[in-house]
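Chains A, B, C and D are the protein sequences, given in the same order.
For the first sequence, the residue numbers in our numbering are 1 to 159.
For the second sequence, the residue numbers in our numbering are 160 to 903.
For the third sequence, the residue numbers in our numbering are 904 to 984.
For the fourth sequence, the residue numbers in our numbering are 985 to 1269.
Beta carbons: idealized from backbone N, C-alpha and C, even for Gly.
Step one of this worksheet: look at the structure below.
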Amino acid sequence: MKAIPITATVNGDPVEFLCTPDEPLLDVLRNRLGLTGAKEGCGTGDCGACSVTVNGRLVCSCLVLGAECEGAEIATIEGMADGETLHPLQRHFIEKAALQCGVCTPGILVASKALLAQNASPTDEEVRYWLAGNLCRCTGYDKIIEAVQSAAAEMRGEV
Amino acid sequence: MALDDKKTRFKYVGTTPNRPDGVDKVTGKAQYGADITAPGMLTAAILRSPHAHAKIVSIDASAALAMPGVRAVVTGADFLDHEDAFFADVSETCMAKGKALYDGHPVAAVAATTPAIAKAAVRAIKVEYAPLPHVTDVDEAMKPSAPIVLEGRALEHVPAGMSQNVTNTCEFGHGDVEAGFAKADLVLERSFKVSATHQGYIEPQACLASFAADGRADLWCCTQGQFFVRALCSQIVGMEASQLRVTPSEIGGGFGGKTTVFIEPVALMLSKKSGRPVKVVMTRDEVFKATGPTVHASVDCKIGMTKDGRITAGDMTLRYSGGAWPSGTIEMGAQAGFAAYDMPAVRTVGWTALTNRPKEISYRAPGAPQAVYAVEALIDEMCQKLNLDPVETRLKNAARAGTLSSYGVTFQEIGMVATLEAAKAHPHWSAPLGPNQGRGVAAGFWFNFGGNTCVSLNISTDGTVSVTEGNPDIGGSRAAISLMAAEELGVPYESVRTIVADTASLGYNDNTDGSRVTFAVGLATIKAAREAIKVMCQRAAAFWGIDAEAVEWIDGAAHPAGPNAGKFPPMSLAEIAAMSFQTGGPIAGHHEVNVDGAGVSFGVHICDVEVDPETGFTKVLRYTVAQDAGKAVHPQYVEGQMQGGAVQGIGWALNEEYIYGADGRLQNAGFLDYRIPVASDLPKIDTVILEIPNPGHPYGVRGVGETPIVPPLAAVTNAVSRAIGKRMYQVPMSPPRILTTIKG
Amino acid sequence: MVKVRLWGTLRQWTDGQAEVDVEGRTFKEVLDALAAAYPGLGPQIKRGVSLAVDGVIYRDAWFQPVDPGAEVVLMPFMKGG
Amino acid sequence: MRYMTAETAEAASSALAAEPGMARVLAGGTDLLVQLKAGMIRPDLVVDIKKIPGIREITAEAGGWRIGAAVANAELKEHPSVKSAWPGVVEGANLIGSTQVQGRCTMAGNLCNASPAGDAVPGLVAADASVTIVGPAGTRVAKVIDIPAGPGKTTLVKGEIVTAIHLPARPARSSDAYLRFIPRTEMDIAVASAAVSLTLAEDGTITAARVALGAVAPKVVLADAATIIGTKLDEAALAALAKAAEAVCNPIDDKRGTVAFRTSTAGVLARRAAIIAYNRAKGAK
């Protein structure tokens, strides 16, 4: 298989990479760009651990080909904090104990950020349905919902 | 404080500081099993049996080996023969020898320069199979006509009417069961079925092995126990333990499922053959097909009860299958089944039979949910028949101090009554219900364990503290251990950093399992801190020129005591640390112990559901968990264990199961059809932590992680059964099963 | 003498007795004495057993003292997940 | 495998037609990449159609809507008008997979994947929607119901691609609804599903209706809508509809459901979807 050269941006940085035609974006991020924050929990779009945004749209990076990403703006968990300053979601996830093993956490944070970008005041039920594609086996989700809501409140300037 | 003194007032323990691994985990920096790489690394792929049961006639890997980029192939022939059945069995779960025993059983593995070449090479390996008859159901496997899964592993005396697949039997109990039934006003006997479930950790197994030409090797992997991995791999591969260093990565969930090896010996063998580092990462379907699920079970349960709700006797027969190899889990289930109750007469008989399924591995309270489910569901049915309140009835029969337990031990102070009282007092228990809704309650029990534990605690010259422990942190244990070190030493939590060591850095530690880490590693940490305090008191005494016995440690500082009290200003940990080089050298404490005294725990769960009478769809509306957790070191993380365990149990009750086809192949090896709960399936999971101190721990800490998965199977069953007005006898209660019962 | 309670499966090796008396002051002495007096128990003891002394379960603690008045219960070797 | 981006539908069609080996179309990729991952298929050529002009656009046409074949279902949901005319079609499309999958998956992809359980298809069939197909023999239009041929098979010939889905114009007092049964609340494949599209007279009598069922036969099937036409959806009509739905079921027993369960649930869903569609057509929100 002949590799394809792609130019894109990841977390605002210009990147160039070669990928095989059948190579998922997830493998590109992890194996070619050294961005291992997105995880492969299933490789079939059922767990959400590989969530990233491509051109602002939340996707499973295991279900996108690297070859499709010419010119794309990709955002991953590695770009969520601003230097040493954590995003409110990241901070509230730690403070509310919304993670245990943490392997689903990058995907859930990316997905939660995408939710709050389009709905600053979701109900608990809206958060639960939005995150239905992000499996977490440790927490039972309770503290995740709590952390998203408290981060949302802070982002709305209510705290 | 003396080494064994108890402490009941706390400054740091019981607070909820941020976990030390938090920032790395929310920024994507934390390194899990699949995130680790090495220069020159090869990638492996594994060829697996498509047959449930087949003789492997021949394996021809020549075409694979001829492919450019392929550097090594291993098959069962490369693996040593082991006399010890334990090691032989583990080795054979990693690579079949002669016979494939289940769909997904590894048959060969390839290491190549890219994943694509490895996958293509696996396809190029030619295996000739001679398929054999298979059996995947425990009841079928016990019939004399069943195909024999493994020759030579049957009980010495298999009873008439049973097959050579029966590998284990056990019996527990006391009293005259028949006499007990004779005293009952109602005796009910029911049969239950419990499907096998998977731990469902989100991170698939992954490892990287690197074998050096001189016989040393390094292994990085996601595991619940690097020391056990070393013990298994060194035996399977045939090397000295000290020559293999195992470093655990962050672990993306385990729940018992990462307490053994599947791919690590394969990676080591491929690395040895190729001379290159080799990485193995399982795919999700490999995880489902070929790592350990739970046992599946078939249970007959019989209980006698008087009109006013006193249990007179219980008798239960449990049939478990842990797949193609013998498994001892039946003993845990048989002991746990009736353990929550004061049984005048009780008998539990257990059987284990082999089936063509992957080898069972622990899953949170292994063996207990299946047995307790039957007991708790039957008690609920009897309460309905006798028009009794299910909580009051459980209170009437609850085990308490002095009760002779179903497993033979007389209980000391335990929390069953307190836990039931907490459930009864919770507003959930008395809230109104709507149409098609039902409320279930169920209790659960688990033993909890301690085990081999080593902790090394070092005081830095700047007055900060490093704790080195040997148990992968699966739910926040580094934070809990840091809290206990801070508490004992009297320094801020932020001054303590706890790390998980590789196998070369500490003595043997048992796996992160059995709800043992916060309890046992915490205990060793406290004792290591007390050792360090002793040294620091000696240094201060020497500095002051007084007797070391006349110095006491209060709130992070050495104080002259007794006749010397007030003679010198107290000297803080930081001050003593700063002069440590001049006063005898670096200061440390360590503690190595095989901890016992974990203390049993009880949980009571309340569940409300609404069932769609036309489709059987079940929605969990409200859920409450009450549990005696001992001293809650980090209460948020204790709640997290209770919520997470309950939700796993809810998944088991409603949807999760291993489904085998008539061909003996697994039908649902993916998250699409192995349906673990998603966020929108669930309500808030309310928690009540009862801090009943464990006398076996200096701070009263008790294991909490496993008990929460025990009650949900019955709590949800009882809720559904009450909602539909008919009893359910099988989990999971998938909608077709519920609808069949409704239409009944 | 220590009175040791046995689980049901083991009673086939003790002529049906649910409790047997043996000499022993520690975990290991009790196990050795059991295996000596009832050789049928040997294989199970070798495979692994726990001993509960006054309600506390011990798994490998050879030197754990066992007082003559204590409640001593033999259990299978226990494990968790 | 080769990957190519087609600039026109014709270019895509010729490349697919010219490929001697296995060729696949890539729109959202949410089925294709899963099949690649599982090793179910190893195509020689994948043609990405997302760069074809207009293929990611929703446009009004002849009182109805033209939905480009590469419009992601999340984009469909965000469109200000389609949902008010065809709420059932849009809700069906939006039940596929997760939020993440919604960002990629398309109705046309769901249709051409030809799973009997595809959530987007019953709504389109009930709507009597059609598709534009570009192929080696030129452009043709076909009804959605005629595209699936059975599980995983379509009636498209080699080199043909669907470029757009057409939702027809809506008479007054028309609406639709889609319901599916899954064991969880999200993330599952439909065990049974039903879409109902109907039009009412001023007095509330149903004048036209189509009822399509998913996951109960090798492909989406229509149930006899005459059971509710001419009625005001009274209990008798609903019972007749449920029976008619059950009558056309020809499902399989599998890990997701039994024949009996699928059949009875299809009847339940048809009845419930009809009530929702009826209330919507009457103007209820």
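Boundaries (first-last residue) of the beta strand (DSSP E) holding residue i
i	result
R32/A	Where R32/A is concerned, there is no enclosing beta strand (DSSP E), given that its DSSP letter is neither H nor E.
N753/B	746–754
K438/B	437–440
N327/B	325–333
V1018/D	Per DSSP, V1018/D belongs to no beta strand (DSSP E); it is in the alpha helix (DSSP H), 1016–1022.
Residue-level contact to chain B via CB, residue i, 7 Å cutoff
i	result
A955/C	yes
G102/A	yes
V1074/D	no
F17/A	no
I4/A	no
A151/A	no
P942/C	no
L99/A	yes
D963/C	yes
M1024/D	no
Contact with chain C by residue i, beta-carbon distance below 7 Å
i	result
P452/B	no
C381/B	no
P525/B	yes
Q786/B	no
Cβ of residue i within 7 Å of any chain D Cβ
i	result
S974/B	Outside the modelled stretch of chain B, which goes from 160 to 903, sits residue 974/B, for which no answer is possible.
A49/A	no
E773/B	yes
P14/A	no
R824/B	no
Counted within 10 angstroms of its Cβ, other Cβ atoms place residue i as buried (16 or more) or exposed
i	result
F127/B	In this structure chain B extends from 160 to 903, so residue 127/B is not present and cannot be described.
T7/A	exposed
M575/B	buried
Q358/B	buried
S564/B	buried
D444/B	buried
V978/C	Contrary to the premise, residue 978/C reads as Met rather than Val in this sequence. M978/C is buried by the Cβ-count criterion.
N546/B	exposed
V1180/D	buried
I462/B	buried
T846/B	buried
F414/B	buried
DSSP three-state assignment for residue i, whether helix, strand or coil
i	result
T123/A	coil
F387/B	helix
R312/B	coil
I145/A	helix
Q889/B	strand
G133/A	helix
Residue range of the unbroken alpha helix (DSSP H) whose run includes residue i
i	result
D474/B	Careful: D474/B lies outside any alpha helix (DSSP H), inside the beta strand (DSSP E) at 470–480.
V336/B	336–341
F447/B	443–449
T1123/D	No alpha helix (DSSP H) holds T1123/D; the beta strand (DSSP E) holding it covers 1122–1127.
Neighbour flag for residue i against chain F, beta carbons, 7 Å
i	result
E850/B	Given the protein chain composition of this structure (A, B, C and D), no chain F is represented.
Cβ pair count under 8 Å reaching 3, the region 297–305 of chain B against the region 203–222 of chain B: no
Are there three or more Cβ pairs, one per stretch, closer than 8 Å when the region 934–945 of chain C is compared with the region 618–635 of chain B? no
Should the region 305–314 of chain B be regarded as contacting the region 503–522 of chain B, the criterion being three or more beta carbon pairs within less than 8 Å? With a cut-off of 8 Å, the region 503–522 of chain B and the region 305–314 of chain B count as touching, because enough Cβ pairs lie within range.
Taking three-plus beta-carbon pairs below 8 Å as touching, is the region 598–609 of chain B in contact with the region 862–878 of chain B? yes
Kindly confirm or deny that the region 922–934 of chain C and the region 533–541 of chain B touch, where touching means at least three C-beta pairs closer than 8 Å. No: fewer than three Cβ pairs fall under 8 Å.
With three or more C-beta pairs closer than 8 Å as the rule, is the region 728–736 of chain B touching the region 616–624 of chain B? Taking a contact to require three or more Cβ pairs closer than 8 Å, the region 616–624 of chain B and the region 728–736 of chain B qualify as touching.
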